[in-house]
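Report on the structure given below.
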Amino acid sequence: MNKIVIAIDGFSGCGKSSTAKEVARQLGYTFIDSGAMYRATALHFLNLNLSPLRPEDVEVGLKSLQISFQLNPETGKQETYLNGVNVEKEIRTMRVSERVSEVATVKAIRAELVAQQQQLGRKKGVVMDGRDIGSVVFPSAELKLFMTADVETRAKRRQLELQEKGESVSLEEIKLNLENRDQVDSTRTESPLIKVADAIEIDTSNLSFSQQVDQILDLVKKATIN
Ligand code: DC
Numbered sequence: 348m349n350k351i352v353i354a355i356d357g358f359s360g361c362g363k364s365s366t367a368k369e370v371a372r373q374l375g376y377t378f379i380d381s382g383a384m385y386r387a388t389a390l391h392f393l394n395l396n397l398s399p400l401r402p403e404d405v406e407v408g409l410k411s412l413q414i415s416f417q418l419n420p421e422t423g424k425q426e427t428y429l430n431g432v433n434v435e436k437e438i439r440t441m442r443v444s445e446r447v448s449e450v451a452t453v454k455a456i457r458a459e460l461v462a463q464q465q466q467l468g469r470k471k472g473v474v475m476d477g478r479d480i481g482s483v484v485f486p487s488a489e490l491k492l493f494m495t496a497d498v499e500t501r502a503k504r505r506q507l508e509l510q511e512k513g514e515s516v517s518l519e520e521i522k523l524n525l526e527n528r529d530q531v532d533s534t535r536t537e538s539p540l541i542k543v544a545d546a547i548e549i550d551t552s553n554l555s556f557s558q559q560v561d562q563i564l565d566l567v568k569k570a571t572i573n
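If you count the sequence shown from 1, you need to add 347 to reach the working numbering.
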């Protein structure tokens with residue numbers, strides 16, 4: 348079977364990353380969580396006390412930014428590293444979630460991260476999830492998906508994830524953060540979240556995790572036959 352590029356876009360907290368990761372595992376593809384790159388960038392700016400809205404700060408921040416995905420020998424999983432430090436857990440905290448959408452509005456930051464993402468996917472056999480993967484990063488991806496779920500379902504799923512990591516956050520706070528990020532991500536000038544014409548929509552509100560994965564694997568089969 349020839350290898351393709353699978354682009355998965357959609358709102359925050361739809362389960363894009365976990366689904367994409369499992370689809371990639373079953374296909375033997377590389378999984379790239381582009382949101383993790385925006386999160387690592389947001390953390391970098393927070394750590395250095397830089398404002399993504401000041402061009403001088405952006406220049407300094409991007410010069411000293413190095414993001415990679417490496418195997419963590421302790422967990423046996425591919426995790427996110429910022430300048431050589433494992434930040435997989437830290438980038439999922441509310442502190443970073445609250446700042447990441449702002450960072451993702453900045454043109455120079457997006458240009459840098461998009462170039463890195465295109466480089467990572469150049470050999471195909473990749474599943475990448477984000478907001479602009481089908482529209483900007485890989486406009487000629489063989490399979491484009493747009494995942495949605497109602498905000499209540501997304502907030503409950505996110506709350507469980509945070510609880511498992513020992514962070515207790517109210518449903519209301521998570522809902523507000525999700526709604527706020529949906530709003531910023533869909534209305535920003537630079538590469539807003541859109542469903543491109545050739546994307547297939549998958550509403551996961553009433554789907555189990557394995558149903559989501561199986562639906563996508565079916566679509567991959569069809570896309571690789573054609
Ligand atoms: O997928 P996520 O929730 O981890 O993404 C974090 C933020 O990064 C999200 O609010 C929007 C931004 N993002 C983006 O603008 N473009 C992408 N390709 C991926 C994420």
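Virtual Cβ for every residue (Gly too), placed ideally from N, Cα, C.
Under the three-state DSSP convention, the category residue i falls into
i	result
V483	helix
F358	coil
K436	coil
N419	strand
V498	helix
L490	strand
D550	strand
Y376	coil
T536	coil
Proximity below 7 angstroms, CB of residue i to CB of residue j
i	j	result
R528	S448	yes
I541	A354	no
T452	R386	no
V567	K471	no
V370	V474	yes
E590	E435	This structure does not reach residue 590, given that the chain is present from 348 up to 573, and the question cannot be answered.
T551	Q559	yes
S415	Y428	yes
P399	V450	yes
K491	A546	yes
A630	D476	Residue 630 lies beyond the range of the chain shown here (348 to 573); nothing can be said about it.
I563	M494	no
L518	A502	yes
D380	S365	no
Cβ-heavy atom distance, residue i to the ligand DC, below 6 angstroms
i	result
S381	yes
D529	no
S359	yes
S482	no
R478	yes
A451	yes
S448	yes
Y385	yes
D561	no
D532	yes
Residue environment, residue i, which counts as buried when at least 16 other CB atoms sit within 10 Å
i	result
Q466	exposed
L390	buried
G360	buried
A462	exposed
D356	buried
F556	exposed
Q373	exposed
S487	exposed
N430	exposed
T388	buried
Cβ-heavy atom distance, residue i to the ligand GTP, below 6 angstroms
i	result
V450	As for the ligand GTP, it is missing from this structure, which binds only the ligand DC.
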